[in-house]
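For what it's worth, our numbering labels the leading residue of the sequence shown as 803, then goes sequentially.
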Amino acid sequence: MAKLRAGVIGVGHLGQHHARLYASSPDTTLVGVMDQDGARASAIAEKFG
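See the structure below:
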């Protein structure tokens with residue numbers, strides 16, 4: 803079965819939690835993050851791949 807491709811919109815506290823879970827799941831590939839604060843989005847994208 804193909805992996806689920808997931809993105810997170812809004813990487814505040816809860817969004818970071820979701821990004822971490824998606825990145826650590828063997829069945830999911832985190833393909834992107836988006837936030838109004840571009841620096842925060844970039845930092846989370848780098849942290850979780």
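By construction, the Cβ of each residue, glycine as well, lies at the ideal position given by its N, Cα and C atoms.
Three-state class that DSSP yields for residue i in the structure shown
i	result
A808	strand
G814	coil
G851	coil
Straight-line Cα distance separating residue j from residue i
i	j	result
A843	A808	15 Å
G812	V835	7 Å
L806	D839	26 Å
8 Å contact criterion, which residue i and residue j should meet: CB distance rounded
i	j	result
V833	H820	Not a contact, Cβ separation roughly 13 Å.
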